[in-house]
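The structure under discussion appears below in the form of structure tokens.
Protein chains: 2
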Amino acid sequence: MTERKYNVAILGATGAVGTRLIEQLEQSTVPVNTIKLLASSRSAGKTLQFKGQDVTVEEATAESFEGIDIVLASGGGSVSQRFAPEAVKRGAVVVDNSSYWRMNDNVPLIVPEVNEAALRGHNGIIANPNCSTIQMVVALEPVRRAYGLKRVIVSTYQAASGAGQSAWQELVDETEAYNHGETPHPAILPVKGAEKHYPLAYNLLPQIDVFEDDGYTHEEWKMIHETKKIMFGDKNSKDVKVTGTAVRVPVPIGHGEAVYFETAANTGATVAGIQKVLSAGAGVVLEDDPQQQLYPQPVNAAGKRETFVGRVRADVENDDSFHMWVVSDNLLKGAAWNTVQIAERLVSLDLVAVPANAAEKFNSL
Amino acid sequence: MTERKYNVAILGATGAVGTRLIEQLEQSTVPVNTIKLLASSRSAGKTLQFKGQDVTVEEATAESFEGIDIVLASGGGSVSQRFAPEAVKRGAVVVDNSSYWRMNDNVPLIVPEVNEAALRGHNGIIANPNCSTIQMVVALEPVRRAYGLKRVIVSTYQAASGAGQSAWQELVDETEAYNHGETPHPAILPVKGAEKHYPLAYNLLPQIDVFEDDGYTHEEWKMIHETKKIMFGDKNSKDVKVTGTAVRVPVPIGHGEAVYFETAANTGATVAGIQKVLSAGAGVVLEDDPQQQLYPQPVNAAGKRETFVGRVRADVENDDSFHMWVVSDNLLKGAAWNTVQIAERLVSLDLVAVPANAAEKFNSL
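From first to last, the protein sequence lines stand for chains D and C.
No gaps in the numbering here: position 125 of the first sequence is 125 in UniProt numbering, and each next residue is one more.
No gaps in the numbering here: position 114 of the second sequence is 114 in UniProt numbering, and each next residue is one more.
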């Protein structure tokens, strides 16, 4: 039988994630028939390349999605809110990198190594989780499968590019300013559009996204709810307790995470056992050899699809309690690669289809 | 009665901490009679200033401590190992910033806001704790006093200057290199003298100090043992469980810490209650107003003696469990200021005296 080929559209094609969506799709196993690159009016008209061919970026409209089979979206929450239902209405399956649909009960939240099975029965929109969540659950899943998972306390060390290309540039410009005795002029970080801006260069900013009333940031609540939904099927699952602190650090690419976790009781989890299941873990590369000073680092993880794990240790005072250090390229596994990987899995599982009446599930409220 | 004045020697006077020992002593309440600046042969002969007067740096020898009342030492572990007993033998009280004596049962390990009382009965050597420990216990002590303290899980974000002036310079040089398309040449970090060196600029290094056999670094074990000794009088105290991960970040001055802690049960600890005791806490400044985007940052803490605390939140799924974010200038409260502050307290408590036969307690083994 002739292999089915797909008409793919990339929404938000010109940003830090968008350009990597193009690159990851080029390298992927998705059989692409036609490619359409969509962006805002500001970016429309630019010429980019897909597999050596010039492609002109178009301004996204509802009609852009006519005849499209798969949409890879990374245009931000309001863009996804507006266009994902329009795409579904026209028969396209949307893999969305924004946070807008993630907690919707009609939308699977997918990290293929963890919960690919949740793709079955989708309603046309599949959500890509938050960057910091993805790498953490990739690292935790082999542990959960072998020893259970009861509790997670995470401290993140998140790279500037997680806030976009302009935030990355701001970090570099500020560093250059400081190095040359000039005053930096932060305009983006910690949160674009928020009232106050602070330098990230040579600094630490314990604010990622806006604050909620309980003193947590949106980023921290995303990690909590998304981890529960991905690993246990319910954003409020009581099967695992999750909490943490999300901090922006002066690194351009590659989030770090110090993850403290508790396995189920009496499962015999040991450091050696955990290292063993991690070595065999899908999407995981174990970099853990203290005597060789081997551990994950952003400079080494950048540009790679894998999630790197090291510094596995036991909490000697508490049973079933351990630490690990997790690093991954936040723009790849944290965004573009996981999105394209979901598309690959949809293709492999023959799930590139929108159920009848699916679009009704996403009518604007 | 005429105020007693003291002959003070600063050992290791030319490093990042040493220069701040001079500055903090100048600003302190210690009545200084004479000042002697001691260093290695490499630095001897330099002229520095104390309260506007030129002082020539001398090479440290055992005889340097004749007639000295107080020694403020920050010359490194082997220097303290060699010279602290020599100073005590000659009647000087040594406040030592190195790690060498900290776990010695004859040596109080002091953070004045926490355990000043342990100065009484000292044997001539008082140890200044590790930078990352000091700021954490300053922040935790008001909580402990009001609500008890049962458990701590900390993730640190430690500045380059914690590894010395040359490590700080290395960070800046590497950043400059990266910004201009050149290759950095790490020679110091993560650990001076270790086999492998990695860039810190735009990177994260989850190794501070050498590794122990259990996969923890020396820095992590210091935090554990020192916290227990300072807060509960016993480096192996079972009254509090402490664990954590120490990570070097591309920040020049000012350690950050995401501290997760559990109070005793049934003490009614709340976020508001914790914020209140922190506001009144000795050495603590509460910077905690999410709506104003107010939280501790290294760029704001640098150059100040205080420990800044913010991001106080409850772990909603666990009773008596909370988070906070702690930042302090690691060269001041983490080193030079705490050292000078100990000297101030010794003076105030009239404890600048060495007991008879004290030196025998520190004979080389």
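A virtual CB, placed ideally from N, CA and C, is assigned to each residue, including glycine.
Sequence-distant residues of the same chain with beta carbon closer than 6 Å to residue i, five excluded per side
| i | result |
| --- | --- |
| L365/C | Residue placement at L365/C cannot be trusted, given a pLDDT of 47 that sits under 50; what the coordinates show is reported in the next sentence. No residues qualify anywhere along the chain. |
| F308/D | V285, E287, P296, A301 and V327 |
| D173/D | none |
| T339/D | L72, V95, N97 and N128 |
Three-state secondary structure assigned by DSSP to residue i
| i | result |
| --- | --- |
| S237/C | coil |
| M231/C | helix |
| Y6/D | strand |
| H122/C | coil |
| N330/C | coil |
| A187/D | coil |
| A258/D | strand |
| T47/D | strand |
| V137/C | helix |
| Q293/C | coil |
| T243/D | strand |
| N33/D | strand |
| L351/C | coil |
| L365/C | Since pLDDT at L365/C reaches only 47, below the 50 mark, its modelled position is unreliable, and no value is offered. |
| D173/D | helix |
| R305/D | coil |
| A73/D | strand |
| N179/C | helix |
| K151/D | This sequence places Arg at residue 151/D; Lys is not what is there. Of the three classes helix, strand and coil, the one that applies to R151/D here is strand, per DSSP. |
| residue 378/C | This structure leaves residue 378/C out entirely; chain C is present only between 1 and 365. |
| L21/D | helix |
| L200/D | coil |
Cβ separation of residue i and residue j, assumed to be a contact under 8 Å, to the nearest whole Å
| i | j | result |
| --- | --- | --- |
| P190/D | I208/D | 7 Å |
| L140/C | F261/C | 6 Å |
| S98/C | A73/C | 7 Å |
| V32/C | L25/C | 7 Å |
| Q49/D | V55/D | 7 Å |
In DSSP terms, what residue i is bridged to
| i | result |
| --- | --- |
| I310/C | At residue 310/C the sequence reads Gly, which differs from the Ile that was named. W325/C. |
| A39/D | E59/D |
| A127/D | D96/D and L109/D |
| R248/C | Q158/C and L205/C |
| F211/D | T217/D |
| Q53/C | F50/C |
Residue i versus the options, residue with shortest Cα-Cα distance
| i | options | result |
| --- | --- | --- |
| K238/D | E66/D, V152/D, W325/D and S98/D | V152/D |
| S161/D | A272/D, L200/D, L11/D and T47/D | L200/D |
| Q158/C | K150/C, C131/C and P184/C | C131/C |
| Q27/D | L171/D, D213/D, R305/D and V57/D | R305/D |
| T29/C | A194/C, K196/C and L349/C | L349/C |
| L278/C | L37/C, G303/C, V259/C and V312/C | V312/C |
| T14/C | E3/C, G75/C and E66/C | G75/C |
| Q81/C | N203/C, L11/C and W221/C | L11/C |
| K333/C | G303/C, K51/C, Q275/C and K192/C | G303/C |
| N203/C | Y6/C, Q341/C and E170/C | E170/C |
| residue 366/C | R345/C, A356/C and N357/C | Since the first residue of chain C shown is 1 and the last is 365, residue 366/C is not available in this structure. |
| N104/D | A117/D, H122/D and A92/D | H122/D |
| G45/D | E59/D, I35/D, K36/D and K51/D | E59/D |
| M324/C | A343/C, E317/C and V259/C | V259/C |
| V8/D | A39/D, T2/D, L38/D and I68/D | I68/D |
| Q341/D | P290/D, V249/D and E116/D | E116/D |
Close Cβ partners of residue i (< 8 Å) along its chain, the five nearest in sequence each way excluded
| i | result |
| --- | --- |
| A269/D | V143, A146, Y147, T263, D320 and F322 |
| N330/C | C131, S132, Q135, Q158, A159, S161, G162, I253, G254 and H255 |
| E66/D | R90 |
| T217/D | Q207, I208, D209, V210, F211 and A246 |
| Y198/C | P186, L189, P190 and L205 |
| K5/C | P31, V32 and N33 |
| A359/C | P85, V88, K89 and G124 |
| A92/C | A9, F65, I68, D69, I70, V71, G124 and V354 |
Close Cβ partners of residue i (< 7 Å) along its chain, the five nearest in sequence each way excluded
| i | result |
| --- | --- |
| I125/D | A84, V88, V94, D96, W101, V107 and F362 |
| T267/C | Y147 and G148 |
| V137/D | V111, V114, T227, I230 and M231 |
| E86/D | A62 and F65 |
| A194/C | V210 |
Within-7 Å CB hit, residue i to chain A
| i | result |
| --- | --- |
| H122/C | Among the chains of the structure shown, chain A does not appear; the protein chains present are D and C. |
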